[in-house]
Amino acid sequence: QFLAEVLFAVTSMLSFTRLAYILPAHESLGTLQISIGKMIDDMIRFMFILMIILTAFLCGLNNIYVPYQETERLGNFNETFQFLFWTMFGMEEHSVVDMPQFLVPEFVGRALYGIFTIVMVIVLLNMLIAMITNSFQKIEDDADVEWKFA
1 QFLAEVLFAV TSMLSFTRLA YILPAHESLG TLQISIGKMI DDMIRFMFIL MIILTAFLCG
61 LNNIYVPYQE TERLGNFNET FQFLFWTMFG MEEHSVVDMP QFLVPEFVGR ALYGIFTIVM
121 VIVLLNMLIA MITNSFQKIE DDADVEWKFA
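Letter by letter, the sequence shown follows residues 1 to 150 of the UniProt record's numbering.
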């Protein structure tokens, strides 16, 4: 029963995406659809770089907190991944990396967490915005040609 409801929800969502076949017939919607396609290509390339950097910080932070059972959010691979993932969206508390009893691991953990926040949130997300803006601008500059030959 539950599986049927989940599959129905997914297929109903996918059936609405079939409307995308009609969009190229309209001039402004067609160019918008082409822009979205190019942006998805950029995002796939960006996600590859993001996953490499995320995995590096995941392994580093996880290895710092594994020997210590001070925090329930770090030291477990899945929990550390979730912590770093939601950190990218600003939805995590920075106090999770605190371990007052162990000064050196806490300092290194905070340093790695700070570097992760700077690299991911400031550098990489702004790079993604720049890539997507550049793709959209290229399509918009040649909108008529892109639409007619799509």
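The beta-carbon is built from N, C-alpha and C at its ideal position, and this holds for glycine as well.
If you're wondering where the values come from, they're calculated on a predicted model, not measured in any experiment.
Taking C-alpha positions only, V145 is separated from I118 by approximately 40 angstroms. If you check the CB distance, G109 and I64 come in under 7 angstroms. In this chain, F102 is not harboured by any alpha helix (DSSP H), its DSSP state being neither H nor E. G75 sits in coil when the DSSP states are folded into three classes, being neither helix nor strand.
In the DSSP assignment, T11 falls within the alpha helix (DSSP H) that extends over F2 to F16. Setting aside the 5 residues that flank it on each side, E93 has no residue in the same chain whose C-beta is closer than 7 angstroms to its C-beta.
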